[in-house]
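So the structure is just underneath, and the comments pick up after that.
Number of protein chains: 2
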Amino acid sequence: MSALRLSAEPLAGLPEVAPGDDLAEIVARASARSAPAIEDGDVIVISQKVVSKSEGRLRPLADVQPSDRAHDLARTLGKDPRTVQVVLDESTEVLRAERGVLITRTRHGLVCANAGVDQSNVPGEDVVCLLPIDPDASARKIRARLRGLLGAAPAVVVADSFGRAWRLGQADVAIGCAGLAPLDDRRGGRDAEGRELTATIDAVADEAASAAALARDKAGREAVVVIRGLERYVTDDDGAGAAAIVRPRDEDMFT
Amino acid sequence: MSALRLSAEPLAGLPEVAPGDDLAEIVARASARSAPAIEDGDVIVISQKVVSKSEGRLRPLADVQPSDRAHDLARTLGKDPRTVQVVLDESTEVLRAERGVLITRTRHGLVCANAGVDQSNVPGEDVVCLLPIDPDASARKIRARLRGLLGAAPAVVVADSFGRAWRLGQADVAIGCAGLAPLDDRRGGRDAEGRELTATIDAVADEAASAAALARDKAGREAVVVIRGLERYVTDDDGAGAAAIVRPRDEDMFT
């Protein structure tokens, strides 16, 4: 048994989440029924979808009036022009619109397909789910409320599945976090040979999101995963959040 | 306790690995000393560095004669021209050479910095370590040998740390694998609302590599991590390998 042993386990018994629900209370209630209960040093990885739902970030397509640009893009891509309009509303920049794929930069600076807008696991026909307005703020709010309810302040990560430029498939990344070092900068450290490490910054929060993705059943309602073994990255203050992971626009070499 | 609980634990007591070493035997010996021992259904994530070392993929820079192009790039980037030459030798295409960063497509089709060539955790001055010639073949070979030594055939993943186009920090990905479904294609499945899932292919092997990265101490000698809880993705045959994760050149929208 190693000090660095990592475990990831979904929180059982979560109900369907609806707009206005107190997500932290739902998590705290499920934690009370689970053993071991959530404690300081844990990392709670929550699917973006339930965070967005609790915040009412749902948009009925019937209310959407597509612009000419949305109509044009929709025609090119074979998409619903109303969905394209919602994606445009959530974005600052369209990076690629080809092969049925719409890749944009969101208002948060995230580069992903459809600005994170999607329809899976959303109740009702013709309703789409948007990313939280400020996923770091969402994580901080949930963490503060968990602290009040549980007397423990686990780190909170808001995770979503993103495609990658040169690799197939999607991997979960952190779009929001509180109380977890998003990046572990080991530059200046030494390797086992005593040589200085170069260019080594570990994407801790993204890797935690990916580990959590492997522990949960995405088709089901396992929207919350508890990770143990990352205590060394959990901080008392909320920290810089996942905004710190976004590569600044002027350092982007690929758009 | 959930059926999907995931755990990742480094294999303790690995020695320094040198060219010609039988890596599977080293892993099997460490497994015999660890409890619980490696078994069918486990996923063994091995750092690329030790795989490369065991295969003798080390190149002394003293033997390298930089070309004019390597000298030019080295001057622009502030790098050692001999290292740049090694990177060029490992690559089919230079994608970006700016800000001190050299991003290429390797002979395997991987897009990463410096073609995966690096100097950290390599013994001796002025020796660089290259990626395995065929990391999927490396994984298959280690798996076959483990099957012989242990009577169990865990999946094997060869992992390396890659940067990402729009996100800071590095996350571990699978550059080779055997016996693990590299991608879980859930298109055509249904979400909790019974709606058909779209565009949902999970990058299982990459997420496993990322989970393992969180469990080990990169500066130390914890080059092998055992993941439990992914039995549903472990296959008897070796499968398509991590080559299946590489986005085909003609579907690349960003280079």
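Protein sequences appear in the order of chains A and B. Note that the working numbering gives residue 885 to position 27 of the first sequence, counting from 1, and the numbers run on in steps of one. Note that the working numbering gives residue 1042 to position 184 of the second sequence, counting from 1, and the numbers run on in steps of one. Even glycine gets a Cβ: it sits at the ideal position worked out from N, Cα and C.
Item	Value
DSSP three-state assignment for A/VAL980, whether helix, strand or coil	coil
Three or more C-beta pairs below 8 Å linking the segment 1039 to 1050 of chain B and the segment 997 to 1010 of chain B	no
Interface positions of the segment 910 to 923 of chain A facing chain B (Cβ-Cβ less than 8 Å), listed along the chain	none
Exposed unless 16 or more other CB atoms sit within 10 angstroms - verdict on A/ASP1064	buried
Whole-number beta carbon distance between A/SER1068 and B/ALA866, since they are thought to touch under 8 Å	The Cβ separation is near 11 Å, so there is no contact.
For B/LEU953, the nearest candidate out of B/ASP947, B/THR962 and B/VAL945 (CA to CA)	B/THR962
Against chain B: residues of the segment 954 to 970 of chain A by CB proximity under 7 Å	ARG954, GLU956 and VAL969
Length of the line joining the Cα atoms of B/ARG957 and A/SER910	37 Å
Residues that DSSP places opposite B/GLU913 in a beta bridge	None, per the DSSP bridge assignment.
Any C-beta of chain A under 8 Å from that of B/ARG1105	yes
Selection from A/ALA971, A/ASP926 and A/ASP930 that minimises the alpha carbon distance to A/VAL945	A/ALA971
Boundaries of the beta strand (DSSP E) in which B/PRO868 is found, first to last residue	864 to 868
The alpha helix (DSSP H) enclosing A/SER996, as first and last residue numbers	993 to 1008
Alpha carbon of B/ALA1010 to alpha carbon of B/ALA895, nearest angstrom	10 Å
C-beta contact flag for A/LEU919 and A/VAL975 at 8 Å	no
Contact list for A/LEU1026 against chain B, beta-carbon separation under 8 Å	LEU1041, ILE1059, ALA1061, ALA1102, ILE1103, VAL1104 and ARG1105
Beta-carbon contacts of B/ASP1030 that lie in its chain and below 6 Å, excluding the five residues immediately before and after	ALA1017, SER1019, ALA1067, SER1068 and ALA1071
Touch test, the segment 898 to 917 of chain B against the segment 868 to 887 of chain B, Cβ-Cβ under 8 Å, three pairs minimum	yes
Interface residues of chain A facing B/ARG1090 [CB-CB closer than 9 Å]	Residues of chain A passing the Cβ test: none, with the nearest at roughly 10 Å.
Spatial distance of A/LEU869 from A/ASP1094 (CA atoms)	23 Å
Pair within 8 Å by beta-carbon distance, B/GLN943 and B/VAL922	yes
DSSP three-state assignment for B/ASP1018, whether helix, strand or coil	strand
With 16 other Cβ atoms within 10 Å as the buried cut-off, status of A/THR950	exposed
Whole-angstrom distance between A/ILE904 and B/SER996, CA atom to CA atom	36 Å
Within chain A, partners of B/VAL1031 - CB distance below 9 Å	ARG1022, ARG1025 and ALA1029
Whole-angstrom C-beta distance between B/GLU1080 and B/ARG1074, which should lie under 8 Å	4 Å
For B/LEU1072, the first and last residue of its enclosing alpha helix (DSSP H)	1062 to 1073
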